[in-house]
Amino acid sequence: MLLTLNGRIALKLIFISALLLFPAIAQGYIGPGAGFGILTSFVVFLNAIAVSLLSFLFWPVMVFIRSIKKRRRPLKAECDKVVILGLDGLSPHLVEKYWENGDLPNLKKLSEEGSYTRMRTTTPGISPVAWSSFQTGVNPGKHGIFDFLAADRKRYLAVLSSVKTKTFSKRNFLGIRKKKMSSTLLRMSKPFWALLGKYGVRSTILRVPITYPPEPLDGRLLSGMCVPDLRGSQGSYTVMAPEGAATSFTGGIGCALTEQEKGLWLGVIPGPEGCEPVDVLLKKSGDGIWEIRSGDEMIKIEHKRLSGWLTLCYRAGRTKIKGIARFRVTDGPVVYCTALHVDPSSPVVPLSHPVHYSRYLAGAVGQFATLGLAEDTWALSNGHLDEKSFLDMAWAYYGERKRMFTNALTNGKDGLTVCVFDTSDRIQHMFWGDGFDPGSVIHKMYIEMDRLVGETVARMKKNQRLIVLSDHGFTSFHTCVDFNRWLVDNDYMVLEDGVKSIDASYHGVDWSRTKAYAMGLSGINLNMKGREGKGIVTKKERSSLMLEIKEKLLQLKDGNDHVIRSVKFAGDIYSGGYVSRSPDLIPGTNAGYRADWGCVTGCVGAKTIYPNDRHWNGDHCHDSDLVKGILFTSWKHGSDNPSIMDVAPSVLKMLGVDPPGYMDGRTL
Amino acid sequence: MNVLFDALLFPFRRFDPLWGLMWISALSGIMMILVFKKTSDQQAISLLRKRMGSRALGMLLFLESPPTVIRLALGLIVDNFIYLWHLLKPMLIIALPFVIITSQLDARYSREPLNAENPSTVTVYWEDSIPESQYGAPEEGLIISPIVTITDSLEQSFSFTGSNGIFVHQTIGIKLGSRGPSGSVLVRGAEKSNAIQALFRPWNANAGEGILKINSHIQETRYIILGGRWSFFAVFLVFSSIWAILGTVIFKVKV
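Residue numbers (the numbering used here), protein chains in the order written: chain A, 1314 to 1981; chain B, 106 to 360.
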């Protein structure tokens, strides 16, 4: 203990110097472990030199092959590289408010040297729809994503709108049948980086929503929103408590924690279907410190603090399925475990293109959250996480994303780099109600986003362009609107005799007398004959029924306040081959009002309008004019009312590619 | 140490020496990998290896950009040195038992026992001049050649043999080569030993003074494995490594 760290290093150096100064005959091999180490180290050394040399030798050949394979860019590129920084949900109102106070110097500077405008988002202004339009440059009618959820009209079920997963069995080369899972991306049309790839322009795409499963491209892509967890859900956490029994609740499951001996508890964490749960040992180690062990990996955490990542290894027969999770221990002890993220260094489902890109990133920047909606908003709403831990989690994921983004900026000299940060969205969802004053959580978040912009600008080189955008803005969400209850109260939906309310998936709806049903965050569907499983509304009745519902919805009031600001018809606002997938009516609520939690998946509650008492108190599922996004560019452009669809054709043009005619967006 | 190794080899005393050698190799492999696990920073090694793997993958991912590949390669080389630094502590700790084990194995398994088919040649180098000799006749057939003197280089040599690894003449006893079948204790000649100096006395009364050095040579043992002739060290190296590899899997050691 008397020796400081420097002292110990000095001693080691003296020892090594002595060894070098007084050499003796040495054996070339010292023990198997170290021997392997030295051997592999030598191989690594040779490999590094060989690949570097090969890279230099083959580089002209590769350039030549690419020049033959790839098309020539028809236009002269206006810049070498475009960097797009997506800050999910950054609100123009707050940006403008804060920079007036001088709080966002980097964004202010960017707007002065380039340009800033508010940006129109999609209808509805929610992330999967808006980011799909961002990447394809088309309206939702052409990419087919209208909400988080889509309607399975035959079965009246809400399904994920962007991914279809199916399980099938396939014989392997030994003839043994094995269960396989395949996922298909339901977003139609083509992202603009796929078009750039045809002309030899490489892209690095990080965590852009609706890119799971990853599509091949000329470059690298890490999927974002809609990547599932190991249980196949969009995020299901685990809570283990001494008296806990196996239960499930919205957003997670509960499990028992058994005391093995004093200070040592055993918990089990259920994983993927068909796999044995994984044991987790919890041990008190010192004052306020806990050890959590799974397999031969162990992490230490402070009481009530969020841990780092721990690998959990599940087994299905001889197959290993690896996941990663963070933990938090509170009094009891009660152990909170995040959703089981797919381990990026050993992904059980494809997370990236090429597949080993996620492995590369895990090694380069450390383990990272892979789940689509990584920040555990349900755990905060359910009281299993406190605000501090939730923020720790959100900022930890932000740090991971920032390291990936920096890595991408460092490694790609030209082409396109896109990275979406969704910390801004999650924090606003959960802390909007706390206000925006200096020192508030939201204020701090905006300042951090500004710092990120500043750091990005500092990394930009000559002849590179930067776009900073948000897919939508934000408003408050203080009141829930149960559209299904409203439909019942207005006789558009009829419940079976004796049914007063519905807890799940329209169980108890009398479809033979129902004309309309609400599904998703912003959609009302007509129960159309021939389209829905038990439809009754004819094509003839359709228009008048839609007008009737629209008129009545616009009259809906909460005291003196109008609840609904607009009701749009799908046929009027969308065009393209997938309009038929859309809800028939898209009600746009006023600020403060949003579709209630239950009606999204087919529940019918007791009241049409009631206060939102959840922690999730900020939102953007309102009339899209109320939640415009932001658009900053590092150059001056002439558009004063841009749309999120304009980004794709603009980037194509900047990089020397003609935007295709089917795109709805216009160049800036 | 001899007692410990005798005890470890006790079950193999009636078998061919190769079995004893393989047993010690296996034991050493497993023990050393466990020592490696205990003395190395496993978490740091694991992280470092992940990072090195990532850099190697990165080199493939960014082949289109030679500067990136070079940067990654340089990073890989730097990581490699950090990795070697992590190996230093376990290497130094393992070095001591390694020296003990190899010297024990060397003593027990490296040389053929002294016998009629396997004589030893001894060469004595004198410092200033070769003293006058008093040559006698070869004794009991154990000295199989007369002493040869090379005046210019001040050296004398002769060959002798023994029985079952031991040469005994009057009061002198020299053990050379591996004795029993299981690798029992052996003393490998030992240069400048009094025994060898004494061996000269019947023929050279002044032996023991003015000797610069004495070399004795005895044939190395070769073990036939898979048709090849393996030295004891090769057997130890290969079998301890095989068991160490198994050990890394069984005990989940990050190497």
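Where a beta carbon is used, it is the ideal one built from N, C-alpha and C, also for glycine. All figures in this text were calculated on a predicted structure; none of them were measured in a lab.
Given that residue i touches chain A, what residues does it touch there, using C-beta distances under 8 Å?
{"i": "arginine 156 of chain B", "result": "Gly1676, Ala1677"}
{"i": "alanine 178 of chain B", "result": "Ala1361, Ile1362, Val1364, Ser1365"}
{"i": "asparagine 185 of chain B", "result": "Ser1354, Val1357, Phe1358, Ala1361"}
{"i": "serine 159 of chain B", "result": "Arg1672, Tyr1673, Leu1674, Ala1675, Gly1676, Ala1677"}
Since I believe residue j is in contact with residue i (beta carbons under 8 Å), could you give me their beta-carbon distance rounded to a whole number of angstroms?
{"i": "glycine 333 of chain B", "j": "glycine 134 of chain B", "result": "The pair is not a contact, with the Cβ atoms about 20 Å apart (cut-off 8 Å)."}
{"i": "serine 1607 of chain A", "j": "leucine 1625 of chain A", "result": "5 Å"}
{"i": "valine 1850 of chain A", "j": "leucine 1866 of chain A", "result": "In fact, because the Cβ distance is near 17 Å, the residues do not count as touching under 8 Å."}
{"i": "leucine 1595 of chain A", "j": "isoleucine 1605 of chain A", "result": "6 Å"}
{"i": "serine 1702 of chain A", "j": "leucine 1403 of chain A", "result": "Not confirmed; about 24 Å, so no contact."}
Distance, Cα to Cα, residue i vs residue j?
{"i": "valine 358 of chain B", "j": "glycine 1696 of chain A", "result": "40 Å"}
{"i": "arginine 1628 of chain A", "j": "proline 1583 of chain A", "result": "11 Å"}
{"i": "glutamine 1868 of chain A", "j": "alanine 1817 of chain A", "result": "28 Å"}
{"i": "glutamine 1573 of chain A", "j": "arginine 1544 of chain A", "result": "27 Å"}
{"i": "tyrosine 240 of chain B", "j": "threonine 254 of chain B", "result": "Low confidence applies here, because tyrosine 240 of chain B scores a pLDDT of 43, under 50, leaving its location unreliable and the question unanswered by this model."}
{"i": "valine 1540 of chain A", "j": "methionine 136 of chain B", "result": "44 Å"}
{"i": "asparagine 223 of chain B", "j": "isoleucine 319 of chain B", "result": "19 Å"}
{"i": "arginine 1533 of chain A", "j": "aspartate 1871 of chain A", "result": "49 Å"}
{"i": "alanine 310 of chain B", "j": "tryptophan 231 of chain B", "result": "Because the pLDDT of alanine 310 of chain B is 46, which lies under 50, any placement of that residue in the model is unreliable, and the number read from its coordinates should be weighed accordingly. Between alanine 310 of chain B and tryptophan 231 of chain B, the C-alpha separation is close to 14 Å."}
{"i": "valine 1880 of chain A", "j": "methionine 1611 of chain A", "result": "54 Å"}
{"i": "alanine 1569 of chain A", "j": "tryptophan 1691 of chain A", "result": "20 Å"}
{"i": "isoleucine 198 of chain B", "j": "phenylalanine 1640 of chain A", "result": "36 Å"}
{"i": "leucine 70 of chain B", "j": "aspartate 184 of chain B", "result": "In the structure displayed, chain B extends from 106 to 360; residue 70 of chain B sits before or after that span and is not available."}
{"i": "tyrosine 1342 of chain A", "j": "leucine 1352 of chain A", "result": "Any answer about tyrosine 1342 of chain A is weak, because its pLDDT of 46 lies below 50 and its placement is not dependable; what the coordinates show is given next. Rounded to the nearest angstrom, the two C-alpha atoms are 10 Å apart."}
{"i": "leucine 2026 of chain A", "j": "threonine 1571 of chain A", "result": "With chain A running from 1314 to 1981 in the structure shown, residue 2026 of chain A is simply not present."}
{"i": "leucine 1808 of chain A", "j": "glycine 1833 of chain A", "result": "19 Å"}
{"i": "lysine 1966 of chain A", "j": "isoleucine 1886 of chain A", "result": "26 Å"}
{"i": "leucine 113 of chain B", "j": "isoleucine 129 of chain B", "result": "8 Å"}
{"i": "glycine 1974 of chain A", "j": "glycine 1889 of chain A", "result": "13 Å"}
Give the interface partners of residue i over in chain A, defined as CB-CB distance under 7 Å, in chain order.
{"i": "valine 174 of chain B", "result": "Val1364, Ser1365, Ser1368"}
{"i": "isoleucine 182 of chain B", "result": "Phe1358, Ala1361"}
Find out if the Cβ-Cβ distance for the pair residue i, residue j is shorter than 7 Å.
{"i": "phenylalanine 1790 of chain A", "j": "arginine 1907 of chain A", "result": "yes"}
{"i": "serine 1814 of chain A", "j": "glycine 1918 of chain A", "result": "yes"}
{"i": "leucine 168 of chain B", "j": "serine 1516 of chain A", "result": "no"}
{"i": "proline 1896 of chain A", "j": "glycine 1836 of chain A", "result": "yes"}
{"i": "asparagine 1925 of chain A", "j": "cysteine 1732 of chain A", "result": "no"}
{"i": "proline 1441 of chain A", "j": "proline 1526 of chain A", "result": "no"}
{"i": "lysine 1511 of chain A", "j": "arginine 1384 of chain A", "result": "yes"}
{"i": "histidine 1281 of chain A", "j": "valine 1940 of chain A", "result": "Since the displayed chain A opens at 1314 and closes at 1981, residue 1281 of chain A lies outside it and no answer follows."}
{"i": "phenylalanine 337 of chain B", "j": "serine 215 of chain B", "result": "yes"}
{"i": "methionine 1958 of chain A", "j": "glycine 1457 of chain A", "result": "no"}
{"i": "serine 1659 of chain A", "j": "lysine 1635 of chain A", "result": "yes"}
{"i": "glycine 1848 of chain A", "j": "methionine 1841 of chain A", "result": "yes"}
{"i": "leucine 181 of chain B", "j": "methionine 157 of chain B", "result": "yes"}
{"i": "tyrosine 1819 of chain A", "j": "tyrosine 1469 of chain A", "result": "yes"}
{"i": "valine 1766 of chain A", "j": "valine 1781 of chain A", "result": "yes"}
{"i": "serine 1857 of chain A", "j": "threonine 1434 of chain A", "result": "no"}
{"i": "alanine 1687 of chain A", "j": "tyrosine 1710 of chain A", "result": "yes"}
{"i": "leucine 1398 of chain A", "j": "serine 1737 of chain A", "result": "no"}
{"i": "threonine 1436 of chain A", "j": "isoleucine 1760 of chain A", "result": "no"}
{"i": "glutamine 1777 of chain A", "j": "lysine 1389 of chain A", "result": "no"}
{"i": "alanine 1638 of chain A", "j": "glycine 1548 of chain A", "result": "no"}
{"i": "asparagine 1720 of chain A", "j": "alanine 1677 of chain A", "result": "yes"}
{"i": "serine 1424 of chain A", "j": "phenylalanine 1749 of chain A", "result": "no"}
What does residue i touch in chain B if you count any residue whose Cβ is under 7 Å from its own?
{"i": "histidine 1669 of chain A", "result": "Leu162"}
{"i": "aspartate 1609 of chain A", "result": "Lys357"}
{"i": "tryptophan 1372 of chain A", "result": "Pro171"}
{"i": "arginine 1533 of chain A", "result": "Leu166"}
{"i": "methionine 1717 of chain A", "result": "The premise fails here: methionine 1717 of chain A is roughly 12 Å from chain B at the closest Cβ pair, so nothing lies under 7 Å."}
Show which residues of chain B have a CB atom less than 9 Å away from the CB atom of residue i.
{"i": "asparagine 1724 of chain A", "result": "Gly163, Leu166, Phe167, Ser170, Thr173, Arg176, Leu177"}
{"i": "methionine 1375 of chain A", "result": "Leu168, Glu169"}
In chain A, which residues lie less than 9 Å from residue i when you measure between Cβ atoms?
{"i": "serine 268 of chain B", "result": "Those within 9 Å of serine 268 of chain B in chain A number zero; the least Cβ separation is about 34 Å."}
Just to make sure I have the definition right: I need the residues of chain B whose C-beta is within less than 8 Å of the C-beta of residue i. Which are they?
{"i": "serine 1658 of chain A", "result": "Lys155"}
{"i": "methionine 1806 of chain A", "result": "Result: empty, since nearest Cβ-Cβ is about 53 Å, beyond 8 Å."}
The stretch 1870-1883 of chain A: positions lying closer than 9 Å to chain D by Cβ: Here the protein chains are A and B, and chain D is not one of them.
Contact residues within the stretch 1489-1520 of chain A, judged by C-beta distance below 9 Å to chain B: Arg1515
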